[in-house]
Amino acid sequence: SEQNTKKDEL
Amino acid sequence: MNVFRLTGDLSHLVAIILLLLKIWKTRSCAGISGKSQVMFALVFTTRYLDLFTNFISPYNSVMKVIYLGCSYATVYMIYMKFKASYDGNHDTFRAEFLIIPVGGLAFLVNHEFTPLEILWTFSIYLESVAILPQLFMITKTGEAETITTHYLFALGLYRALYLINWIWRYYFEGFFDLIAIVAGCVQTILYCDFFYLYITKVLHGKKLSLPA
Chain A
7 SEQNTKKDEL
Chain B
48 MNVFRLTGDL
58 SHLVAIILLL
68 LKIWKTRSCA
78 GISGKSQVMF
88 ALVFTTRYLD
98 LFTNFISPYN
108 SVMKVIYLGC
118 SYATVYMIYM
128 KFKASYDGNH
138 DTFRAEFLII
148 PVGGLAFLVN
158 HEFTPLEILW
168 TFSIYLESVA
178 ILPQLFMITK
188 TGEAETITTH
198 YLFALGLYRA
208 LYLINWIWRY
218 YFEGFFDLIA
228 IVAGCVQTIL
238 YCDFFYLYIT
248 KVLHGKKLSL
258 PA
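Those sequence lines, one after another, are chains A and B. Heads up: the first sequence begins at 7 in this note's numbering, then just goes up one per residue. Heads up: the second sequence begins at 48 in this note's numbering, then just goes up one per residue.
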């Protein structure tokens, strides 16, 4: 999902 | 992870370590805005709370810990260890004028009204403007040490590379996060004037000094 993908950035 | 994201992270890492080394080697934090550094520490703290709740990869966790550790070490050096060299008289930007509006905005415009998500949003918004006290300080004193300008260039470059990373991710993964993109654009735009001075002066071997 968008939320999970987003959190892989620093 | 694409090459722009990776070089963005590395550029960020170079910036943080460069600043820390500069302060350590010269035993001085003259010309560095403590307020900007406190805000960056706040940015990392509020963004990386998911270190405890959401494991992504060893790379991700290690980088978060390094950013956090270096950021706190920098604040410690400015306000404790090398406090005597801190140029507080010139670090006069009112941090509350950034933190309070940014906090309000994070409450109003976010992806999800949960504590972690609001804090993440707050960190994204705050990061976009956290450099302002530092830029303000340079404008006030009219000059910056060359090593400080290298730090600022690496720090500005990091978000610019993230912008390219987001374009890449939009095309190849169909992924985009509007909050991060808008804040990232604001953040990069704030550096444009500095980038111009860096390229036209510092890269030609001149010290960065502004006309009086």
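In this text, a Cβ means the ideal position worked out from N, Cα and C, and glycines have one as well.
Query                                                                                                                                                                                                    : Result
If contact is defined by three or more beta carbon pairs under 8 Å, each pair taking one atom from either stretch, is the region 130 to 143 of chain B in contact with the region 190 to 199 of chain B? : no
What residue from B:G55, B:V90, B:T247 has the CA that sits closest to B:W167's CA?                                                                                                                      : B:V90
For B:A191 and B:G78, which I take to be in contact (beta-carbon distance under 8 Å), what is that distance rounded to the nearest angstrom?                                                             : 6 Å
Compare the C-beta of B:M86 with all C-beta atoms of chain A and state if any pair is closer than 7 Å.                                                                                                   : no
B:G231 to B:D224, Cα distance in whole Å?                                                                                                                                                                : 10 Å
When you compare only the Cα positions, how much space is there between B:A227 and B:T186?                                                                                                               : 28 Å
Taking B:N101 as the query, report the chain A residues whose CB atoms sit under 7 Å from its CB, ordered along the chain.                                                                               : K13
Contact between the region 108 to 116 of chain B and the region 205 to 217 of chain B is defined here as three or more beta-carbon pairs at a separation below 8 Å; is this criterion met?               : no
Since I believe B:L96 is in contact with B:L182 (beta carbons under 8 Å), could you give me their beta-carbon distance rounded to a whole number of angstroms?                                           : Between B:L96 and B:L182 the Cβ distance is about 28 Å, and since that is not below 8 Å, they are no contact.
What is the rounded straight-line gap between the Cα of B:I125 and the Cα of B:C239?                                                                                                                     : 27 Å
Let's test the definition: count the other Cβ atoms within 10 Å of the Cβ of B:V85 and tell me whether it reaches 16, buried, or not, exposed.                                                           : buried
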